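Sequence lines, in order, name chains C and X.
Heads up, the first sequence is in this note's numbering, so the first residue is 341 and it goes up one at a time.
Heads up, the second sequence is in this note's numbering, so the first residue is 8 and it goes up one at a time.
Take a look at the structure below.
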Amino acid sequence: MKDIKEKIFQTIAYLAALLTVICLLAIIYGIFHDGLSLFKVVSWKDFLFTNNWYPTHYPPSFGAWALIIGSLTVTLGALIIALPLSLGSAIFIAEIASPRLREIVKPIIELLAGIPSVVYGLFGMAFLAPLIRQWFSLDTGLNLFTSSLILGIMVIPIICSISEDAMNSVPHSIREASLALGATKSETIFKAVIPAAKKGIIGSILLGFGRAIGETMVVLMVSGGAAQIPKSIFEPVRPLTSTIAAEMGETIMGDLHYNALFALAIVLLIITFFSNLITEIVFRPKRQK
Amino acid sequence: MKNKLLLLVAILTLTTITVNAKSKVTCAGSTTVLPIAQATAEAFMDAHPDINISIRGGGSGVGIAALINNSVDIALSSRPMKSKEISQAKAKGINPVPYAIALDGIAVIVHPSNTISNITISQIRDIYTGKIKNWKELGGPNLPIVVISRDVSSGTFEVFNEKVMAGAKVSSSAQLLASNNAVTNTVADTPGAIGYAGVGFVSNKVKALVVEKVLPSEKTVQDGTYILSRKLYMYTNGKATGAVSSYIAFIQSPQGQKIVKEQGFIPLQ
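In structure tokens:
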């Protein structure tokens with residue numbers, strides 16, 4: 341009897357895992373099925389590397405280079421803004437704050453992760469963009485910088501809490517050894533703790549990258565949506581995600597434009613796949629022989 | 008248990024019969040007309056529970072093609088049928104009859120502080136292609152122009168593209184925003200901005216420009232003097248009869264035209 345129960349439980353767990361994998365495969369199949377049809381008409385080189393996204397013009401052109409650059413620059417900007425803040429907070433929480441202060445600060449930072457992205461977008465559009473336009477006396481506040489700033493704030497909790505976990509799991513003996521050798525607190529943090537927690541920190545940055553590049557609502561509302569290669573950080577851009585979201589609603593199913601939006605999804609999928617793959621490689625523990 | 012099952016079967020059969028007894032009206036076509044069709048259909052079905060209206064988008068061309076293939080009762084179209092489409096229809100024994108149901112006008116808007124108040128179609132085109140980059144070129148303030156456009160698959164862009172751009176491409180540095188409201192809000196916040204939105208969406212936070220000497224308003228769109236406007240149509244095969252005819256009559260009635268206005272479009276009269 342006990343054996344049967346055990347068997348049933350194992351089978352259910354197995355089926356659950358199987359179903360998840362099937363879901364993923366079905367999504368990938370669907371996206372590739374609809375996206376690859378574009379390349380019967382448009383060469384993949386033109387799609388990836390030319391800069392003219394005029395999907396409803398006659399004749400249409402599907403050059404996504406500016407959209408890819410849009411996604412990458414916004415994400416890079418977000419990481420540049422998020423890294424010092426989130427690593428600084430992680431160091432503070434893990435190494436410097438008293439246990440009581442840690443109990444207060446950590447949940448507050450993690451609360452940032454619980455704010456829905458549309459709320460960030462609304463905040464960016466209604467408050468931050470007009471302020472940024474005034475502060476830097478720009479023509480428009482909906483631009484690369486504003487988007488990066490908001491995305492940066494959104495990825496702080498991800499990078500911070502995972503890095504902090506990594507630093508926390510560094511054995512105390514390492515800190516004690518460093519201090520015993522006469523190193524100061526900051527020398528211990530930068531030369532002993534951070535190198536030991538390196539893997540977790542890199543992994544957290546890659547997860548933050550994945551979060552930022554996939555974010556749609558915020559960039560749809562704040563990036564300005566101009567399909568151009570930005571010449572400065574204060575120019576509007578048009579990331580892949582917001583292009584798909586804005587144009588999918590009213591395209592005709594089976595149209596070339598429809599296929600092109602799926603092809604954009606393939607590009608996004610490949611970018612996130614590689615960032616996940618690298619994360620996986622970084623996190624995987626070395627096998628001891 | 009068995010009784011309950013029988014009862015269930017009976018109820019199910021009854022509901023299927025009543026559903027079948029309903030007359031069905033199918034519509035497909037323009038995404039611009041879609042919100043009008045949907046909102047009026049809801050009000051109409053409330054008043055006529057025996058009529059069921061189903062509506063699909065797809066674009067004017069798709070709706071007209073569906074009418075030609077006799078697979079829908081009503082084609083929604085944001086333009087008159089092309090002569091090629093009419094001859095296709097005739098060849099298949101379909102006789103398309105147009106019913107105007109609403110007017111659509113788009114206003115070109117700028118920040119209230121902008122001193123420019125008149126503009127021509129060719130000036131608008133030069134701004135959107137990137138040829139004119141500063142308001143001073145039009146006699147306005149020395150301020151770079153921030154060009155704001157709509158997403159290329161929206162109906163509003165479609166009118167603008169057809170009436171203003173005339174085959175030219177909108178510059179890649181133009182910001183593409185996702186809704187009429189996003190455009191008016193952004194223009195209201197940006198001193199150098201120019202944008203366009205459905206006439207029904209223009210508020211006092213922005214300034215609508217006089218285009219080719221005519222100020223956009225309900226009246227100038229209705230009498231046809233404002234150039235950036237168009238009629239929206241429903242096409243039927245032959246003169247509309249039965250449920251289709253009463254649905255179209257409802258949209259054209261004062262009650263239906265009130266809904267048209269609520270959706271940001273302009274009533275016929």
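C-beta: ideal position from N, C-alpha, C; glycine also.
This structure is a prediction, so every number in the text was calculated from the model and none was measured.
Cβ of residue 474 of chain C less than 8 Å from any chain X Cβ?
In the first sequence, the residue the question calls residue 474 of chain C occupies position 134. Cβ-Cβ to chain X under 8 Å: no for residue 474 of chain C.
Can you give me the start and stop residues for the alpha helix (DSSP H) that residue 158 of chain X sits inside?
The residue labelled residue 158 of chain X in the question sits at position 151 within the second sequence. No alpha helix (DSSP H) holds residue 158 of chain X; DSSP gives it neither H nor E.
Whole angstroms are fine: how far does the CA of residue 577 of chain C sit from the CA of residue 401 of chain C?
One-based indexing of the first sequence puts residue 401 of chain C at position 61. One-based indexing of the first sequence puts residue 577 of chain C at position 237. Whole-angstrom Cα-Cα distance: 18 Å.
Look at the alpha carbon of residue 49 of chain X and the alpha carbon of residue 349 of chain C, and state the distance between them as a whole number of angstroms.
Within the second sequence, numbered from 1, the residue matching residue 49 of chain X stands at position 42. Within the first sequence, numbered from 1, the residue matching residue 349 of chain C stands at position 9. So the two alpha carbons sit approximately 49 Å from each other.
Answer yes or no: do residue 495 of chain C and residue 552 of chain C have a C-beta to C-beta separation smaller than 8 Å?
On the first sequence, position 155 is the one that residue 495 of chain C refers to. On the first sequence, position 212 is the one that residue 552 of chain C refers to. Going by C-beta atoms, residue 495 of chain C is nearer than 8 Å to residue 552 of chain C.
Mark residue 629 of chain C as exposed unless 16 or more other C-beta atoms lie within 10 angstroms of its C-beta, in which case mark it buried.
Locating residue 629 of chain C in the first sequence gives position 289, counting from the first residue. With a pLDDT of 43 at residue 629 of chain C, under the threshold of 50, the predicted position of this residue should be treated as unreliable, though the coordinate-derived value follows. Flag for residue 629 of chain C reads exposed.
What number of angstroms, rounded off, separates the C-alpha of residue 530 of chain C from the C-alpha of residue 583 of chain C?
On the first sequence, position 190 is the one that residue 530 of chain C refers to. On the first sequence, position 243 is the one that residue 583 of chain C refers to. Residue 530 of chain C and residue 583 of chain C: Cα-Cα distance of roughly 42 Å.
Excluding the five sequence neighbours on either side, which residues of its own chain have a C-beta within less than 7 Å of the C-beta of residue 184 of chain X, listed in chain order?
Position 177 of the second sequence holds residue 184 of chain X. Result list for residue 184 of chain X: 155, 157, 190, 193, in chain order.
Is residue 629 of chain C helix, strand or coil by DSSP?
On the first sequence, residue 629 of chain C is found 289 positions in, with the first residue counted as 1. Bear in mind that the predicted position of residue 629 of chain C carries a pLDDT of just 43, short of 50, making it unreliable; the figure below should be weighed with that in mind. In the structure shown, residue 629 of chain C sits in coil (DSSP, three-state: anything other than H, G, I, E or B).
Residue 115 of chain X touches chain C at which residues, Cβ-Cβ below 9 Å?
Counted from its first residue, the second sequence places residue 115 of chain X at position 108. Ordered by position in chain C, no residue passes the 9 Å Cβ test against residue 115 of chain X, which lies about 18 Å from the chain.
Going along chain X in order, which residues have a C-beta closer than 8 Å to the C-beta of residue 460 of chain C?
Position 120 of the first sequence, counted from the first residue, corresponds to residue 460 of chain C. Residues of chain X passing the Cβ test: none, with the nearest at roughly 16 Å.
So residue 395 of chain C contacts chain X; which residues on that side make the cut at Cβ distance below 7 Å?
Within the first sequence, the letter at position 55 stands for residue 395 of chain C. The contacting residues are 159.
For residue 415 of chain C and residue 607 of chain C, what's the separation of their Cα atoms in angstroms?
Taking the first residue of the first sequence as position 1, residue 415 of chain C is located at position 75. Taking the first residue of the first sequence as position 1, residue 607 of chain C is located at position 267. About 15 Å.
Give, in chain order, every residue of the region 137 to 161 of chain X whose Cβ lies closer than 9 Å to some Cβ of chain C.
For the region 137 to 161 of chain X, which is checked against every Cβ of chain C, the residues closer than 9 Å are 150, 151, 152, 153, 154, 155, 156, 158, 159, 160, 161.
Output yes or no for whether 8 Å exceeds the beta carbon distance between residue 118 of chain X and residue 46 of chain X.
Within the second sequence, residue 118 of chain X is the residue found at index 111, counting from 1. Within the second sequence, residue 46 of chain X is the residue found at index 39, counting from 1. Not closer than 8 Å, so no.
For the 8 Å Cβ check, are there 3 or more pairs between the region 517 to 525 of chain C and the region 482 to 492 of chain C?
As far as the Cβ criterion goes, the region 517 to 525 of chain C does not touch the region 482 to 492 of chain C, which means the pair count is below three.
In the region 159 to 182 of chain X, which residues sit with their C-beta less than 7 Å from some C-beta in chain C, listed in chain order?
Those residues of the region 159 to 182 of chain X that come within reach of chain C (Cβ to Cβ, closer than 7 Å) are 159, 160, 161, 176, 179, 180, 181, 182.
Going along the chain, which residues of the region 555 to 573 of chain C sit with their C-beta nearer than 8 Å to a C-beta in chain X?
Within the region 555 to 573 of chain C, the qualifying residues are 560, 561, 564, 565, 566, 567, 568.
Can the beta-carbon of residue 258 of chain X be found closer than 8 Å to that of residue 60 of chain X?
Residue 258 of chain X sits at position 251 when you count from the first residue of the second sequence. Residue 60 of chain X sits at position 53 when you count from the first residue of the second sequence. In this structure, residue 60 of chain X does not lie closer than 8 Å to residue 258 of chain X by Cβ.
From what residue to what residue does the beta strand (DSSP E) around residue 494 of chain C run?
In the first sequence, residue 494 of chain C corresponds to position 154, counting from 1. Looking at the DSSP string, residue 494 of chain C is not in any beta strand (DSSP E); the run it does join, the alpha helix (DSSP H), is 484 to 508.
How would you write the range of the beta strand (DSSP E) that residue 81 of chain X sits in, first residue to last?
Counting from 1 along the second sequence, the entry for residue 81 of chain X is found at position 74. Residues 81 to 84.
So, under 8 Å CB-CB, residue 216 of chain X and residue 166 of chain X are touching, yes? Tell me the CB distance rounded to an integer number of Å.
In the second sequence, the residue the question calls residue 216 of chain X occupies position 209. In the second sequence, the residue the question calls residue 166 of chain X occupies position 159. Not quite, the Cβ-Cβ distance comes to about 16 Å (not below 8 Å), so this is no contact.
Quick one: does residue 205 of chain X have its CB under 8 Å from some CB of chain C?
In the second sequence, the residue the question calls residue 205 of chain X occupies position 198. By this cut-off, residue 205 of chain X is not an interface position.
Rounded to a whole number of angstroms, what is the C-alpha to C-alpha distance between residue 361 of chain C and residue 554 of chain C?
Taking the first residue of the first sequence as position 1, residue 361 of chain C is located at position 21. Taking the first residue of the first sequence as position 1, residue 554 of chain C is located at position 214. Going by the C-alpha atoms only, they are around 21 Å apart.
Going by DSSP, which residues form a beta bridge with residue 580 of chain C?
Numbered from its first residue, the first sequence carries residue 580 of chain C at position 240. DSSP, once it has assigned bridges, lists no residue as partnering residue 580 of chain C.
Are any of the Cβ atoms in chain C nearer than 8 Å to that of residue 24 of chain X?
Locating residue 24 of chain X in the second sequence gives position 17, counting from the first residue. Caution applies to residue 24 of chain X, whose pLDDT of 49 falls short of 50 and renders its modelled position unreliable; the model cannot decide the point.
Would you please verify whether the beta carbon of residue 73 of chain X is less than 8 Å from any beta carbon of chain C?
Residue numbering aside, residue 73 of chain X sits at position 66 when the second sequence is read from its first letter. Chain C contact via Cβ: absent.
Note down the Cα distance separating residue 386 of chain C from residue 379 of chain C, rounded to an integer number of angstroms.
Reading the first sequence from its first residue, position 46 is the one you call residue 386 of chain C. Reading the first sequence from its first residue, position 39 is the one you call residue 379 of chain C. About 10 Å.
Of the residues that make up the region 434 to 463 of chain C, which ones have a beta carbon closer than 9 Å to any beta carbon in chain X?
So nothing in the stretch comes that close.
Would you call the CB atoms of residue 242 of chain X and residue 103 of chain X closer than 8 Å?
Numbered from its first residue, the second sequence carries residue 242 of chain X at position 235. Numbered from its first residue, the second sequence carries residue 103 of chain X at position 96. Yes, these two residues count as a Cβ contact at 8 Å.
Mind checking residue 26 of chain X: buried by the 16 CB within 10 Å criterion, or exposed?
Taking the second sequence and counting its residues from 1, one reaches residue 26 of chain X at position 19. Its pLDDT being 48, under 50, residue 26 of chain X is placed unreliably by the model, and nothing is read from it.
Within 10 angstroms of its Cβ, does residue 164 of chain X collect 16 or more other Cβ (buried), or is it exposed?
Start at 1 with the first residue of the second sequence, and residue 164 of chain X comes out as number 157. So residue 164 of chain X counts as buried.
In terms of DSSP beta bridges, what is residue 63 of chain X paired with?
The residue given as residue 63 of chain X occupies position 56 in the second sequence. Answer is X:35, bridged to residue 63 of chain X.
Rounded to whole angstroms, what is the Cα-Cα separation between residue 126 of chain X and residue 64 of chain X?
Numbered from its first residue, the second sequence carries residue 126 of chain X at position 119. Numbered from its first residue, the second sequence carries residue 64 of chain X at position 57. The alpha-carbon atoms of residue 126 of chain X and residue 64 of chain X are separated by roughly 34 Å.
Could you please give the first and the last residue of the uninterrupted alpha helix (DSSP H) stretch that includes residue 362 of chain C?
What you label residue 362 of chain C is simply residue 22 of the first sequence in a count that begins at 1. Run containing residue 362 of chain C: 342 to 376, per the alpha helix (DSSP H) assignment.
Report the residue from C:559, C:444, C:580, C:471 whose alpha carbon sits nearest the alpha carbon of residue 197 of chain X.
Here residue 197 of chain X refers to the residue found at position 190 when the second sequence is read from its first residue. For the residues C:559, C:444, C:580, C:471, the minimum Cα distance to residue 197 of chain X belongs to C:471.
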